[in-house]
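Undergrad:
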């Protein structure tokens with residue numbers, strides 16, 4: 001076990017290195033650069049842009065820039081944002097809460113509703129409930145998020161006037177109730193798609209388990225159906241769900257991107273899009289590393305959990 | 001059953017129209033609805049352009065924002081006065097093609113990686129899965145935007161970009177399933193009988209993970225079509241004047257109040273296509289799963 | 001010379017170095033004297049911007065939206081109002097030849113400063129701060145946004161805490177306008193600091209009507225009233241600058257009342273009709289100094305033929321583009337100069353939409369249709385790509401409309417749009433494009449000088465330092481631009497700029513389509529707002545905004 005963990009950590013470091021190298025190359029080799037946003041500023045000249053590039057060290061050879069960045073990173077210095085000059089970790093940190101709040105709420109409801117619907121549908125395969133939820137899930141999956149978000153704003157904010165059209169809180173208020181009111185629309189829009197995903201996977205996994213021998217054995221042994229469902233079916237169907245949960249962790253970053261834009265939610269997804277749009281390399285690189293670390297943690301946790309639940313899975 | 005699975009050599013394949021899977025599929029009403037939806041959409045997209053009296057590229061500013069049903073414009077016109085029906089069908093050809101091709105590419109590749117990694121395990125498996133991890137750790141938006149800056153946005157390139165960003169989940173799911181299957185009796189039996197690794201992977205293991213693959217693949221088509229819409233929304237996708245469902249939908253959000261049909265028509269087309277595919281996928285899953293009759 | 005004779009039409013900017021002075025004291029803006037009785041600031045106003053302000057040191061590289069904050073927190077020595085009149089802020093009066101602020105040869109400047117002004121932290125404002133600011137702008141260690149003009153300042157001397165003098169290396173007419181956009185920053189905030197990383201850069205201290213309160217990154221910035229402000233205002237207790245990244249959402253939140261005023265990137269033309277009908281909202285169209293054009297890369301063989309450029313211009317149905325696609329909001333133009341300007345040439349030949357003339361011009365010039373219907377001459381196909389920022393859907397509509405119009409006269413235009421960072425990087429700067437649709441402001445602040453864009457020597461593609469990305473070369477224009485920048489009498493300058501516009505209209509390195517007009521929206525109770533073609537951002541006079 002310890003050896004396994006050590007080897008995974010070793011692999012992780014290699015992976016992080018690869019991610020940083022690839023990310024850096026892709027960013028820097030793409031045409032354009034962090035200064036192109038200033039090009040259309042009245043009075044801006046090529047001369048000024050060249051001077052600023054020089055001061056920012058952007059005209060050094062790429063390998064030097066990369067090693068410089070890596071060396072600072074190893075010493076715990078993630079660099080500063082090109083846009084506002086704040087340390088990268090501080091920039092990321094200041095957007096983390098908003099995303100955690102939104103994604104946490106949405107995922108909580110999505111898993112709760114999705115898993116129940118999926119299991120119930122699978123147990124009553126072909127029933128009216130199953131058909132209805134299947135159709136509903138598929139339709140939910142087919143609706144582009146930004147479109148749905150806009151419709152939700154039109155209906156609930158403009159038409160009915162029940163809920164705010166966006167933002168995380170009202171400036172000057174910021175009470176819990178205020179946050180909650182702002183949270184409803186975006187988290188429901190986000191949860192809609194997530195519910196569909198979770199219920200589809202949960203249904204498939206449950207069906208997979210139901211048809212297996214040990215379930216038939218359990219039934220044959222005369223165990224009460226309720227126990228069969230809870231212990232044997234749900235327990236086993238949860239294994240692939242854990243893998244899925246691990247996979248969902250990195251979507252923290254990109255998953256809420258569209259929703260965050262439509263609802264002007266100041267989270268990581270929008271930070272990422274903005275930073276990419278302005279070629280704020282230090283922040284983009286920071287977010288890439290952050291996301292990679294999330295993936296690693298998510299996968300490791302998923303594997304460990306799966307192994308502890310399903311004895312047939314061996315860690316090696 | 002397990003023994004039969006392994007020892008009985010694959011007999012001459014039964015004629016496909018008599019297979020049990022097909023019969024099961026045909027019994028699934030939802031799946032048939034799905035097939036009907038996809039066939040209708042595909043036919044409309046292929047034949048539609050010939051039946052309509054409009055060219056999908058012809059701009060007529062006097063006719064802009066005509067609501068559905070104005071004259072021969074069954075779905076109305078767009079902000080440049082082009083016939084939406086004509087554009088919708090033309091766009092459908094592109095969007096469906098992009099969606100299916102991207103799904104095929106990513107599913108085949110993802111499955112291959114997943115089966116190999118899951119069965120072989122060890123160093124090769126770990127190495128493969130770390131590559132999967134590496135790709136997964138790039139948010140798809142990053143890859144989409146960065147790659148779009150490099151390539152000229154032809155439909156083929158868009159398909160490739162989408163495939164590159166979608167194969168990992170299939171690989172991950174297949175790997176997890178195969179890993180949990182490889183210690184099962186039938187695999188051990190197959191090894192004892194002396195089947196090669198390749199045979200075990202693709203003849204014994206693969207059929208057993210078709211269910212999850214199909215579910216994942218159908219979700220991937222949905223994803224691919226929506227991703228195309230998203231890339232086009234950001235403007236890096238299919239370039240105007242060539243229509244795609246994505247770029248039709250995306251200009252439309254500005255006109256949601258003024259001309260809602262701009263958003264509704266392509267939105268419904270996308271929803272129909274994706275839902276249809278999902279229905280089929282669901283039917284396939286039940287039909288292909290040899291065990292679903294045994295319940 | 002009196003103000004009246006000098007400035008009969010109340011047109012913009014005329015810088016008065018040699019001739020005379022007009023120093024209007026815009027009445028509502030600047031009663032002199034520090035503390036006078038005025039109502040206590042009250043209420044809160046939320047401004048929505050579609051980009052996020054992130055640069056708060058006004059002298060570091062920034063974009064337009066950042067100035068939305070700068071105008072609230074800082075003051076320049078003087079500024080330019082919507083009629084082109086200079087009015088003093090930190091200066092006691094706008095320097096002119098008449099009042100002795102500028103010597104007759106335009107070389108020696110003497111600026112008297114307002115007394116009794118304090119920084120937000122209570123430190124008194126003095127001439128040392130002005131000196132520090134100008135020196136900071138040319139400090140080679142500092143990531144200065146722009147040093148144009150300031151690099152010609154010599155012998156910067158603090159005469160007294162309220163007086164500063166300097167000499168210019170050569171007469172440079174645009175400098176007064178440049179100073180009007182130069183916010184004064186406090187020397188003491190940088191003492192012992194690297195100016196690039198000073199804490200000041202994220203918690204700015206100014207003299208302006210509003211004080212920095214806090215910033216929630218990615219969401220909003222909160223400013224509060226500076227009750228010790230030397231001038232008129234502020235009238236609002238709190239000013240919130242909210243970042244709303246999507247224009248449709250920006251408009252929606254204006255409609256729902258979440259934001260009180262729509263700023264930068266404004267209401268899109270397709271929402272104009274609806275916005276006008278909103279109750280309790282004021283929506284108005286305001287001209288800006290930016291013009292939209294189809295710009296050519298003059299290095300491309302197909303564009304070297306004047307007949308081609310003329311033909312393409314004739315093929316454009318400008319009126320249809322403006323009326324239909326832009327809902328009649330902007331106005332057609334023939335030049336880069338805004339019509340509000342004193343230097344605007346209103347005698348330029350009017351554009352005529354005529355595909356027949358276009359075809360005739362091309363036929364005459366020897367461009368004959370090939371097998372595919374696209375014209376060819378000497379082996380050059382009349383085909384080119386057109387690029388702009390990806391995702392600008394109105395421009396994409398214009399592109400497609402142009403594409404069809406050009407197809408009609410046998411010209412093939414392919415659309416190839418790029419992400420902004422790619423588009424405006426080397427692709428634009430080094431003229432790697434065939435043609436672009438672009439909105440440009442080529443002036444120097446409120447000054448008509450456009451040297452960085454039109455001088456032959458200003459093409460980065462040819463090693464130049466400016467932004468002449470057309471690679472346009474015309475010795476006559478070069479001479480006129482140089483003459484214009486060195487001439488100090490506005491009437492004399494005017495001749496040069498009228499002539500430049502005439503030549504550009506004849507040469508057509510770009511096909512002017514329209515002068516930008518933006519749609520401002522605010523709640524009916526907001527007072528004091530005024531559009532200003534001479535300033536880049538809505539908040540230029542935020543000090544006088546108030547709730548009714």
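Protein chains in written order, with full-length UniProt numbering: chain A, 1 to 316; chain B, 1 to 295; chain C, 1 to 548. The beta carbon of each residue, even a glycine, is placed where N, CA and C say it ideally should be.
Just checking: is the beta-carbon of residue 88(A) within a distance shorter than 7 Å of some beta-carbon in chain C?
TA: With 7 Å as the cut-off, residue 88(A) does not count as an interface residue toward chain C.
Undergrad: Interface residues of chain C around residue 285(A) at Cβ under 7 Å?
TA: Going along chain C, no residue has its Cβ under 7 Å from residue 285(A), so there is no contact; the nearest lies around 15 Å.
Undergrad: Determine the burial state of residue 72(A): buried for a count of at least 16 other Cβ atoms within 10 Å of its Cβ, exposed for fewer.
TA: Under this definition residue 72(A) is an exposed residue.
Undergrad: May I ask you to list, following chain order, the residues of the segment 124 to 157 of chain C that have a beta carbon less than 9 Å from some beta carbon of chain A?
TA: Cβ contacts with chain A: 140, 141, 142, 143, 144, 145, 146, 147, 148.
Undergrad: Which residues, taken in chain order from the segment 402 to 430 of chain C, show a beta carbon closer than 9 Å to some beta carbon of chain B?
TA: Per Cβ criterion, the list reads 403, 404, 405, 414, 415, 416, 417, 418, 419, 421, 422.
Undergrad: Please determine, among 42(A), 128(A), 69(A), 70(A), the residue with the shortest C-alpha to C-alpha distance to residue 62(C).
TA: Residue 42(A) is the option with its Cα nearest to residue 62(C).
Undergrad: Around the C-beta of residue 227(A), are 16 or more other C-beta atoms found within 10 angstroms, so that it is buried, or is it exposed?
TA: With fewer than 16 other Cβ atoms within 10 Å, it is exposed.
Undergrad: Would you mind telling me which residues of chain A sit closer than 7 Å to residue 212(B), beta carbon to beta carbon, in chain order?
TA: Under the 7 Å cutoff, chain A gives 204.
Undergrad: Can a CB atom of chain A be found closer than 7 Å to the CB of residue 145(B)?
TA: Taking Cβ atoms only, chain A reaches closer than 7 Å to residue 145(B), which makes this a yes.
Undergrad: What are the start and end residues of each continuous beta strand (DSSP E) run of 3 or more residues lying completely inside the segment 500 to 535 of chain C, in chain order?
TA: For the segment 500 to 535 of chain C, whole beta strand (DSSP E) runs of length 3 or above, ordered along the chain, are 510 to 523.
Undergrad: For chain A, check one thing: does any of its Cβ atoms lie closer than 7 Å to the Cβ of residue 88(C)?
TA: It does not: the Cβ of residue 88(C) has no partner Cβ on chain A nearer than 7 Å.
Undergrad: Given a cut-off of 7 Å on the beta-carbon distance, is the pair residue 115(B) and residue 174(B) in contact?
TA: Yes.
Undergrad: Which residues does DSSP list as the beta-bridge partners of residue 418(C)?
TA: BP columns for residue 418(C) point to 389(C).
Undergrad: Between the segment 83 to 99 of chain A and the segment 262 to 271 of chain A, do at least 3 Cβ pairs fall closer than 8 Å?
TA: Segments in contact, yes.
Undergrad: Expressed to the nearest angstrom, what Euclidean distance is found between the alpha-carbon atoms of residue 291(C) and residue 345(C)?
TA: Taking the straight line from one Cα to the other gives about 14 Å.
Undergrad: Would residue 119(C) pass as a contact of residue 207(C) if the rule is Cβ separation under 7 Å?
TA: Taking 7 Å as the Cβ cut-off, residue 119(C) and residue 207(C) qualify as a contacting pair.
Undergrad: In this structure, how does DSSP classify residue 121(A) when only helix, strand and coil are distinguished?
TA: Residue 121(A): helix per DSSP, three-state reduction.
Undergrad: Return no unless some Cβ of chain C is closer than 7 Å to the Cβ of residue 271(A).
TA: It does; some Cβ of chain C falls within 7 Å.
Undergrad: In the DSSP output, what is residue 167(C) paired with across the bridge?
TA: Its beta-bridge partners are 108(C), 154(C).
Undergrad: Quick one: which residues of the segment 347 to 381 of chain C get their C-beta closer than 8 Å to a C-beta of chain B? List them in chain order.
TA: Taking 8 Å as the Cβ-Cβ cut-off against chain B, none of the residues of the segment 347 to 381 of chain C qualify.
Undergrad: For a minimum of 4 consecutive residues, which ranges assigned as the alpha helix (DSSP H) are wholly contained in the segment 142 to 168 of chain A?
TA: Those alpha helix (DSSP H) runs which fall completely within the segment 142 to 168 of chain A and span 4+ residues are 145 to 153.
Undergrad: What does residue 44(C) pair with, by DSSP beta-bridge criteria?
TA: Answer is 238(C), bridged to residue 44(C).
Undergrad: Can you name the start and end residues of the alpha helix (DSSP H) that residue 179(C) belongs to?
TA: Taken as a continuous stretch (DSSP letters only), the alpha helix (DSSP H) holding residue 179(C) covers 175 to 180.
Undergrad: So the alpha helix (DSSP H) residue 225(C) belongs to, where does it begin and stop?
TA: Where residue 225(C) is concerned, there is no enclosing alpha helix (DSSP H), although the beta strand (DSSP E) it sits in stretches over 220 to 225.
Undergrad: Determine the extent of the alpha helix (DSSP H) in which residue 135(C) is found, giving its start and end residues.
TA: Its alpha helix (DSSP H) spans residues 127 to 137.
Undergrad: For a test of the three-state rule: what should DSSP assign to residue 196(B), helix, strand or coil?
TA: Correct three-state label for residue 196(B): coil.
Undergrad: What three-state label does DSSP hand residue 257(C) in the structure shown?
TA: Residue state, collapsed to three classes: coil.
Undergrad: By the criterion of Cβ-Cβ separation under 7 Å, what are the contact partners of residue 255(C) in chain A?
TA: What residue 255(C) touches in chain A: 158.
Undergrad: So that I know if they touch, is there some Cβ in chain B lying closer than 7 Å to that of residue 6(A)?
TA: Closer than 7 Å: no.
Undergrad: Nearest-angstrom Cα distance between residue 27(C) and residue 88(C)?
TA: Note on residue 27(C): pLDDT 39, under 50, position unreliable in the model; the coordinate value appears next. For residue 27(C) and residue 88(C), the distance between alpha carbons rounds to 11 Å.
Undergrad: Between the Cα of residue 552(C) and the Cα atoms of 511(C), 197(C), 150(C), 337(C), which residue gives the shortest distance?
TA: Beyond the ends of chain C as shown, which are 1 and 548, falls residue 552(C); an answer cannot be given.
Undergrad: Could you pull out every residue in the same chain whose Cβ sits closer than 8 Å to the Cβ of residue 370(C), ignoring the five residues on either side in sequence?
TA: Hits under 8 Å: 376, 381.
Undergrad: For the segment 32 to 49 of chain A, enumerate the residues whose C-beta is nearer than 9 Å to any C-beta of chain C, in chain order.
TA: Within the segment 32 to 49 of chain A, the qualifying residues are 32, 33, 34, 35, 36, 37, 38, 39, 40, 41, 42, 43, 44, 45, 46, 47, 48, 49.
Undergrad: Hey, residue 201(C) and residue 296(C) are a contact pair by Cβ (cut 8 Å); roughly how many whole angstroms apart?
TA: Not really, about 40 Å apart at Cβ, beyond 8 Å.
Undergrad: Evaluate residue 50(B) with the Cβ neighbour count: other Cβ atoms within 10 Å of its Cβ, from every protein chain shown; 16 or more gives buried, anything less gives exposed.
TA: That one is exposed.
Undergrad: Can at least three beta-carbon pairs, one atom from the segment 36 to 49 of chain B and one from the segment 273 to 287 of chain B, be found at a separation below 8 Å?
TA: Yes: the two stretches touch, three or more of their Cβ pairs being nearer than 8 Å.
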